[in-house]
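A.B. asks: The listed protein sequences derive, respectively, from chains A and B.
0 is the number of the first residue of the first sequence in numbering that gives the first Met the number 0; add one for each residue after it.
0 is the number of the first residue of the second sequence in numbering that gives the first Met the number 0; add one for each residue after it.
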Amino acid sequence: MEFAELIKTPRVDGVVLHRPFMPTVEGTLCLTGHHLILSSRQDNTEELWLLHSNIDSIEKRFVGSLGSIIVKCKDLRVIQLDIPGMEECLNIASSVEALSTLDSVSLMYPFFYRPMFEVIEDGWNLFLPQDTFKDLESMTDEWRLSEVNKDFSLCPTYPPLVAVPKHIDDDVLKKVATFRHGGRFPVLSYYHKKNGMVMMRAGQPLTGTNGRRCKEDEKLINATLRPGKRGYIIDTRTINVAQQAKARGGGIESEGNYPQWRRIHKGIERYNVLQESLIKLVEACNDQSHSMDRWLSKLEASNWQTHVKEILTTACLAAQCIDREGASVLVHGTEGTDSTLQVTSLAQIILDPTCRTIKGFQGLVEREWLQAGHPFQQRCAQSAYSNSKPRQEAPVFLLFLDCVWQILRQFPCSFEFNEAFLVLLFEHTYASQFGTFLGNSAAEKTRLCLREKTVSLWSWVNRPQELERLTNPLYEANSLVIWPSVAPQSLLLWEGVFLRWNRSSKCLDEAYDEMVHIIEYNKELQTKVNSLRRQLAQLETEDPLLRTP
Amino acid sequence: MEFSEHIKTANVEDVELRQPLQPPSRGTLCITGHHLLFSDREADTSRHLLLLLRNIDAIEKSVENLLGYPGFLSKAGHSERMTGSSGTITIKCKDLRVLQFDIPGMEQCLNIAHSIETLSCLDNVSEMYPFFYRPTELRLQYHWGLLAPEQHYNQTKELHKRWRLSSVNQDYSVCSSYPPAVIVPKSISDETLKKAAKFRQGGRFPVLCYYHRKNGMVIMRSSQPLVGANRKRCKEDELLLQAVIDGSDKGYIIDTRSSQQVQQARMTGGGFESKSCYSGWKRLHKQMERGKALQESLIKLVEACGDESQNMDRWLSKLENSKWLSHVQTALSTAGLLAECVERDGHSALVHGYEGTDCSLLISTLAQLIMDPSCRTLEGFLSLLEREWIQAGHPFQQRCAHSAYSHTRLQQESPVFLLLLDCVWQLWRQFPLALGFSEALLLRLATEVYASDYGTFLCNSDQERCALGVKDATHCLFQALLKPTEREVYLNPLYELNQLAIWPSVHPQSLQLWRGFFLRWTQQARHLEEVQQEIRNMVNEWVRVTQSDATTIQ
Numbered sequence: 000m001e002f003a004e005l006i007k008t009p010r011v012d013g014v015v016l017h018r019p020f021m022p023t024v025e026g027t028l029c030l031t032g033h034h035l036i037l038s039s040r041q042d043n044t045e046e047l048w049l050l051h052s053n054i055d056s057i058e059k060r061f062v063g064s065l066g067s068i069i070v071k072c073k074d075l076r077v078i079q080l081d082i083p084g085m086e087e088c089l090n091i092a093s094s095v096e097a098l099s100t101l102d103s104v105s106l107m108y109p110f111f112y113r114p115m116f117e118v119i120e121d122g123w124n125l126f127l128p129q130d131t132f133k134d135l136e137s138m139t140d141e142w143r144l145s146e147v148n149k150d151f152s153l154c155p156t157y158p159p160l161v162a163v164p165k166h167i168d169d170d171v172l173k174k175v176a177t178f179r180h181g182g183r184f185p186v187l188s189y190y191h192k193k194n195g196m197v198m199m200r201a202g203q204p205l206t207g208t209n210g211r212r213c214k215e216d217e218k219l220i221n222a223t224l225r226p227g228k229r230g231y232i233i234d235t236r237t238i239n240v241a242q243q244a245k246a247r248g249g250g251i252e253s254e255g256n257y258p259q260w261r262r263i264h265k266g267i268e269r270y271n272v273l274q275e276s277l278i279k280l281v282e283a284c285n286d287q288s289h290s291m292d293r294w295l296s297k298l299e300a301s302n303w304q305t306h307v308k309e310i311l312t313t314a315c316l317a318a319q320c321i322d323r324e325g326a327s328v329l330v331h332g333t334e335g336t337d338s339t340l341q342v343t344s345l346a347q348i349i350l351d352p353t354c355r356t357i358k359g360f361q362g363l364v365e366r367e368w369l370q371a372g373h374p375f376q377q378r379c380a381q382s383a384y385s386n387s388k389p390r391q392e393a394p395v396f397l398l399f400l401d402c403v404w405q406i407l408r409q410f411p412c413s414f415e416f417n418e419a420f421l422v423l424l425f426e427h428t429y430a431s432q433f434g435t436f437l438g439n440s441a442a443e444k445t446r447l448c449l450r451e452k453t454v455s456l457w458s459w460v461n462r463p464q465e466l467e468r469l470t471n472p473l474y475e476a477n478s479l480v481i482w483p484s485v486a487p488q489s490l491l492l493w494e495g496v497f498l499r500w501n502r503s504s505k506c507l508d509e510a511y512d513e514m515v516h517i518i519e520y521n522k523e524l525q526t527k528v529n530s531l532r533r534q535l536a537q538l539e540t541e542d543p544l545l546r547t548p
Numbered sequence: 000m001e002f003s004e005h006i007k008t009a010n011v012e013d014v015e016l017r018q019p020l021q022p023p024s025r026g027t028l029c030i031t032g033h034h035l036l037f038s039d040r041e042a043d044t045s046r047h048l049l050l051l052l053r054n055i056d057a058i059e060k061s062v063e064n065l066l067g068y069p070g071f072l073s074k075a076g077h078s079e080r081m082t083g084s085s086g087t088i089t090i091k092c093k094d095l096r097v098l099q100f101d102i103p104g105m106e107q108c109l110n111i112a113h114s115i116e117t118l119s120c121l122d123n124v125s126e127m128y129p130f131f132y133r134p135t136e137l138r139l140q141y142h143w144g145l146l147a148p149e150q151h152y153n154q155t156k157e158l159h160k161r162w163r164l165s166s167v168n169q170d171y172s173v174c175s176s177y178p179p180a181v182i183v184p185k186s187i188s189d190e191t192l193k194k195a196a197k198f199r200q201g202g203r204f205p206v207l208c209y210y211h212r213k214n215g216m217v218i219m220r221s222s223q224p225l226v227g228a229n230r231k232r233c234k235e236d237e238l239l240l241q242a243v244i245d246g247s248d249k250g251y252i253i254d255t256r257s258s259q260q261v262q263q264a265r266m267t268g269g270g271f272e273s274k275s276c277y278s279g280w281k282r283l284h285k286q287m288e289r290g291k292a293l294q295e296s297l298i299k300l301v302e303a304c305g306d307e308s309q310n311m312d313r314w315l316s317k318l319e320n321s322k323w324l325s326h327v328q329t330a331l332s333t334a335g336l337l338a339e340c341v342e343r344d345g346h347s348a349l350v351h352g353y354e355g356t357d358c359s360l361l362i363s364t365l366a367q368l369i370m371d372p373s374c375r376t377l378e379g380f381l382s383l384l385e386r387e388w389i390q391a392g393h394p395f396q397q398r399c400a401h402s403a404y405s406h407t408r409l410q411q412e413s414p415v416f417l418l419l420l421d422c423v424w425q426l427w428r429q430f431p432l433a434l435g436f437s438e439a440l441l442l443r444l445a446t447e448v449y450a451s452d453y454g455t456f457l458c459n460s461d462q463e464r465c466a467l468g469v470k471d472a473t474h475c476l477f478q479a480l481l482k483p484t485e486r487e488v489y490l491n492p493l494y495e496l497n498q499l500a501i502w503p504s505v506h507p508q509s510l511q512l513w514r515g516f517f518l519r520w521t522q523q524a525r526h527l528e529e530v531q532q533e534i535r536n537m538v539n540e541w542v543r544v545t546q547s548d549a550t551t552i553q
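1. For B:S504, which residues in chain A fall below 7 Å Cβ to Cβ?
2. Give the secondary structure of A:F126 by DSSP, where H, G and I count as helix, E and B as strand, and everything else as coil.
3. Output, in chain order, the set of chain B residues within a Cβ distance shorter than 7 Å of A:C506.
4. Where do the N-terminal and C-terminal ends of the alpha helix (DSSP H) with A:I348 fall, by residue?
5. Going by C-alpha to C-alpha distance, which of B:G355, B:L20 and B:L16 sits closest to B:S555?
6. What does the alpha-carbon distance come out to for the pair B:S3 and B:C92?
7. Short of 7 Å in beta carbon distance, which residues of its chain neighbour B:E12, apart from the five on each side in sequence? Order them along the chain.
8. What is the rounded straight-line gap between the Cα of A:R261 and the Cα of A:D508?
9. Starting from B:D312, find everything on chain A with Cβ-Cβ shorter than 7 Å and list it in chain order.
10. Let me see if you follow: with CB-CB separation under 8 Å, is B:F319 close to chain A or not?
11. Should B:L66 be labelled buried (16 or more other beta-carbon atoms within 10 Å of its own) or exposed?
12. Quick check on this structure: which residue in B:P205, B:A391, B:S273 and B:L225 has the alpha carbon closest to the alpha carbon of B:A590?
13. Is A:Y384 buried or exposed, if buried means 16 or more other CB atoms sit within 10 Å of its CB?
14. Is the beta carbon of B:D254 less than 8 Å from the beta carbon of B:R282?
15. Listing by chain order, which chain A residues have their CB less than 7 Å from the CB of B:Q508?
16. Buried or exposed for B:I6, going by 16 or more other Cβ atoms inside 10 Å?
17. Answer with yes or no whether the minimum CB distance from A:A536 to chain B is below 8 Å.
18. Can you list, in chain order, the stretches of the alpha helix (DSSP H) that have 4 or more residues and sit fully within the region 260-303 of chain A?
19. Taking a contact to mean a Cβ-Cβ separation below 8 Å, would you say A:S296 touches B:E319 in this structure?
20. For a quick check, are the C-beta atoms of A:I310 and A:Q341 less than 8 Å apart?
21. Just to check my reading of the structure: B:N310 and A:P483 have Cβ atoms closer than 8 Å, yes? What is that Cβ distance to the nearest angstrom?
22. Do you know offhand how far A:L466's Cα is from A:I6's?
23. Under a Cβ-count criterion, where at least 16 other Cβ atoms within 10 Å of its own Cβ denotes burial, should B:Y453 be classed as buried or exposed?
Okay, structure coming up:
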C-alpha cells in the first residue's frame with residue numbers, strides 16, 4: 000500500500016495552529032506518510048511535527064467555510080488546527096484518521112526513520128541477556144542460563160535465554176512450562192546480593208478445578224530455597240479472583256503441594272479497569288469548572304491514585320520479604336506479563352541502587368518489560384482520548400512510571416535520572432521513531448527484525464546532549480534500600496504527565512534551569528579554588544618571604 | 000502569681016520520649032514556668048527537646064497501675080507501690096507535632112500533666128514567655144518592628160502629592176484596632192475622618208494600604224458601613240471614598256461576602272455601599288469563609304492528614320470534605336480579582352467584609368504580593384506582614400489561642416493567617432523564582448504565630464501592645480529573622496527579581512495541599528527537607544568559595 004493513496008490533500012496554506020500556553024502559529028500544513036507538519040516558514044517560530052501514530056482521536060468542527068480539526072494526542076496534548084476551505088478540512092481529517100490507525104506494524108515510522116545523529120553506542124547491543132548473566136555469575140554460581148526457549152517454542156513471550164536454578168535441567172523446564180499460563184515457567188528476575196535471596200516471576204499455575212499438580216514445578220521453585228527456609232509467593236490477584244481462575248484452567252499454588260511457600264494475595268487491577276481509570280483521570284484533569292470539590296471527587300472517582308498505591312504497596316511487600324525477612328519470592332498474577340512486571344521491577348528500584356541510574360533503569364526496562372514480554376503494542380495502541388472500543392489497551396507501563404515518579408519525588412537525591420526521563424519513556428511507548436517499544440514479545444521483535452531495520456531508543460538517549468537533559472543534578476549515589484511511604488497522604492498526582500498541558504510550565508522550567516546553573520557553577524568554582532590553593536602552596540614553598548606575615 | 004505554684008513535680012528521671020521521625024529515647028523531663036525540657040541520657044548523642052508550653056494544644060493522659068492496686072494514692076508507703084505504675088502523656092502541639100512521654104510513677108505523671116494543662120493556657124499576656132526571653136545577642140533598646148507607618152509614608156514619595164499621614168487616631172480613640180498614624184486622601188480633614196469612623200464597624204474607616212506605582216491606583220481597606228435596616232448614610236464616608244477616585248471614572252469595592260450575606264448584615268446594623276450613595280463605585284461580591292467555619296476546616300484537614308487507614312478513597316474524600324483547598328482557592332482568586340481591578344483594569348479598589356480584620360487583610364496582602372515585586376523579598380514580605388497584619392489590627396491572640404487539636408470550646412479561633420501562609424506557599428510553588436524567601440520562612444511563621452519567644456504576634460491590636468509594653472519588654476521576631484545568621488536560612492537561593500505581576504493559576508488542578516506544613520512530621524517530608532538543605536549548603540558553599548577566591552587573588 001502506498002501512503003499517497005490516503006492523502007488527498009497533501010498541503011494547505013493559511014492554517015492556524017492553537018496550542019496550550021503557546022502563541023498561535025499561522026502557516027502551511029503538510030501531510031506525509033507519518034507526519035503532520037505545520038510550518039510558518041519564519042525562522043523564529045517553532046514548527047509542529049506530529050507523528051500520526053501519536054494521534055489518539057480527532058474531531059471536526061465547521062463555522063461557515065472555516066473548518067477546525069481538534070487533534071487529541073496520546074501524550075495527552077490537545078491542539079486545534081483552523082483550516083480554510085471545507086473540502087481541504089474534510090480531506091485532511093480523513094487522511095489523518097486513516098494514517099493514525101494503520102494496523103500493520105511494518106508500515107510504522109520506525110521502519111522508515113533514519114537517524115540524523117551519530118550512533119555512539121548501539122542500544123540494541125547494550126543489554127544482552129548473556130552480558131547481564133555475567134554480572135550474576137560474579138555474585139553466585141547457583142544459576143545457569145538456559146537455551147531451552149531458543150526458538151520460542153516453549154514460551155512465545157519469553158526471550159531465547161533465561162536464568163534458572165543450576166540443578167534444574169531443560170527437560171524439567173519443558174514440563175513446568177506446560178503447567179504455567181502461556182508457558183511462563185518461573186525464571187529469575189532479581190538476585191539480592193546482600194543476602195543471596197532471589198525474586199522470580201511466572202504465569203499462574205494451571206491447576207484447574209481438579210487441582211492438577213506438577214512435581215517438576217514444585218522442584219523448580221523449591222530449588223531456590225535455602226535448607227529450612229520458607230519462601231513467599233506474591234499473587235497479584237485477590238484470593239477470590241485467584242479461586243475463580245480455577246474454573247478457566249488457572250489457579251494457585253496450594254499449601255499442600257507447596258508446604259515451603261507462604262502465599263500472599265494482593266489486588267492489583269488489570270486491563271479495562273486500568274484503561275477506564277486513565278480515561279476518567281484525564282477527563283477530570285481537563286475539567287474546566289472551577290470547583291475544587293468537583294475536581295477532588297473526580298480525582299477520587301478515577302481511582303488512579305488507588306492503583307498507584309496498590310502497586311507500590313505490593314512492590315514494597317516483595318522487597319520487604321527479600322531484604323527484611325531474608326526470604327525468596329515468586330511473583331505472579333494471571334498471565335505474568337502485566338502486574339507481575341510492575342511488582343518485580345519496582346521492587347528492584349527499591350532494593351537495587353543500580354536500577355536508579357540512567358543506564359541501570361534502561362537495563363531494568365529492557366529486562367523486566369521488553370524481554371519479559373509485556374505486550375507494549377497491544378497495551379499502548381490507544382490512550383485516554385480514543386473513541387474506538389478498547390481491546391487490550393491498558394496503561395500498565397504508565398502506572399509503573401507513575402510509581403517510579405512517586406519514589407523519585409520522595410527520594411530526590413537517590414536517582415541519577417530526572418522526571419523528564421520518565422516522561423520521555425511514557426511518550427515513546429505510545430508513539431516513537433524508534434523500534435524499542437514495537438512488538439509484543441521477544442519473538443515478535445525477532446520476526447520484525449527490529450534490530451536490523453530500526454533504531455533503538457537507547458542509541459539516541461545515551462548521547463551526551465540527551466543525557467545532560469535527563470540527568471538529575473541532585474543525584475548522589477545511595478547504596479541503601481529506599482523504602483517509599485505508601486500512605487495515601489504521601490502520594491501525589493503526577494503533574495508532569497497529567498497536568499502537563501493544562502498549565503504553563505515556564506516558571507517551573509526556569510527554576511529547574513536555575514538550579515542546574517547554580518550546581519554547575521558551584522562545581523566550576525570548586526575546581527578553581529582547588530587549583531588556586533595548589534598555586535598558593537607552591538608559591539609558599541618557593542618564596543619563604545611569603546610565609547612571614 | 001508564681002509559676003511554681005503550678006509545678007508540683009519539676010523533674011522526672013527515666014522518661015521515654017517518642018516523637019515522629021526519631022527513635023525513642025530515654026532521659027529526664029523537666030517542667031519550668033514556660034518550657035517543657037527533655038534531655039537525653041546518652042552522652043554522645045545528647046539530644047534535647049525544648050518546647051514552649053504555649054505550643055501545646057492538647058494533652059491526653061493514660062495511667063496504668065501495673066501492680067493492680069487501685070486507689071492507693073497518697074497513703075503511707077506508696078512510693079514502693081508506685082514504682083510499678085506508669086503513665087503516658089500524649090502532647091499535641093499547635094505546630095501539629097505529636098509527642099508521647101512514658102513516665103514512671105503515676106503521681107508524677109498526673110502532676111506533670113496537670114502542670115502542662117494549666118501552664119499551657121495561661122491567658123495573661125504579660126506572663127507569657129516573650130516578656131522573659133532575654134537572648135544575649137539581642138538588646139531591648141533596639142527599635143521594635145521594621146517600619147512604622149510614618150516611615151513607610153516618608154519613604155513612599157509618590158504618595159505625597161495626593162495623600163497625607165493623619166494622626167487622628169493618635170490616642171486610639173477613633174479606631175481602637177488601627178495604628179496611631181494612617182494614610183488618607185490629602186483633601187480629607189481629620190474631622191471628616193472622625194465622622195466616617197462612626198459609620199464603619201469598629202471605627203475602621205477606609206485607609207490606604209497599597210499604592211500601585213505603575214498607574215497611581217490604590218488599594219483601600221475598611222470594615223463594613225453601618226447602614227442598618229433604615230438605610231442610614233454618611234456624607235463624610237461618601238466624600239472620603241469620592242476623594243480616593245478623584246479624577247478617575249470609577250473604583251471597585253470588593254466585598255468578601257455574598258450579596259445575600261450583605262443584605263442580612265443590614266438587619267444587624269451592618270450593610271454595604273449602595274449604588275445610589277456611592278455612584279462612582281462598582282461593588283463586586285466574593286464570598287469568603289471566615290471564623291468558625293475556617294477553624295473547623297483546619298480541624299478536619301489535620302484529622303484527615305493523621306488518618307492511618309491507608310485508604311486512598313477515604314483520604315481523598317476527607318481532604319475534599321475538609322474544604323481547606325476550596326478556601327485556598329477562593330482566597331487566591333479573590334486576591335487575583337482585586338489585583339486585576341488595580342493592575343489590568345487600572346482602577347482603585349476598596350476591600351472589606353464585616354470587621355475588616357481578617358479576610359480583607361488576607362486579600363490585600365495577597366494582591367500586593369501578586370502586583371508588587373518589592374513585597375516579594377524577605378524584607379519586603381516581613382514589612383508587608385507587619386503593615387497589613389500587625390499594625391492593621393488582626394486579632395492574633397484571639398485567632399491563634401488554639402489550633403487543630405484543642406478540646407476546648409472554640410471561641411474566636413480561626414486560622415486566617417495560616418490560610419495566608421498557605422496561599423503564599425501556592426504562589427511560591429507556581430513561581431519558584433519570583434519570591435525572595437523560602438518555604439522555611441513560611442513554616443517558621445506558622446509555628447511562631449501560635450507560640451513564640453518573640454512579642455510580635457502577641458495581643459490583638461497596636462493599642463493593646465502599647466498598653467502592655469510589648470514593644471519595650473519583648474523582642475521583635477521580624478528583626479530577629481533578618482539577622483545575618485538567621486536570614487540565610489530564609490532566603491530563596493533561586494530568587495531573581497521579577498518586575499512583572501505574578502498571576503497565580505487558581506484552577507483546582509493547580510492547587511496542592513501544603514504538605515511541607517500539614518504532613519511535616521511524616522516520613523516523606525524529611526527527604527524533601529534534606530534536599531532543601533542540600534541546595535542551601537550548595538549556595539552557601541558558593542558564597543564562601545567566591546569570597547575565599549577573592550581574598551586569595553588579592
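Just so you know, even glycine gets a beta-carbon here, dropped at the ideal spot from N, CA and C.
Computed from a prediction, not measured in an experiment: that's the story for all the values here.
C.D. replies: Straight from the coordinates:
1. R502
2. coil
3. Q429, F430, P431 and L432
4. S338 to L350
5. The requested residue 555 of chain B is not part of the displayed model; chain B covers only 0 to 553.
6. 23 Å
7. T27
8. 48 Å
9. E299 and T305
10. Phe is not the amino acid found at residue 319 of chain B; the sequence shown has Glu there. It does; some Cβ of chain A falls within 8 Å.
11. Residue placement at B:L66 is flagged as unreliable, the pLDDT there being 49, under the threshold of 50; the coordinate-derived value follows with that caveat. When all chains shown are included, B:L66 counts as exposed.
12. There is simply no residue 590 of chain B to check, as chain B begins at 0 and stops at 553 in what is shown.
13. buried
14. yes
15. C284, W294, L498 and N501
16. buried
17. no
18. 270-284 and 291-301
19. yes
20. yes
21. Between A:P483 and B:N310 the Cβ distance is about 18 Å, and since that is not below 8 Å, they are no contact.
22. 38 Å
23. buried
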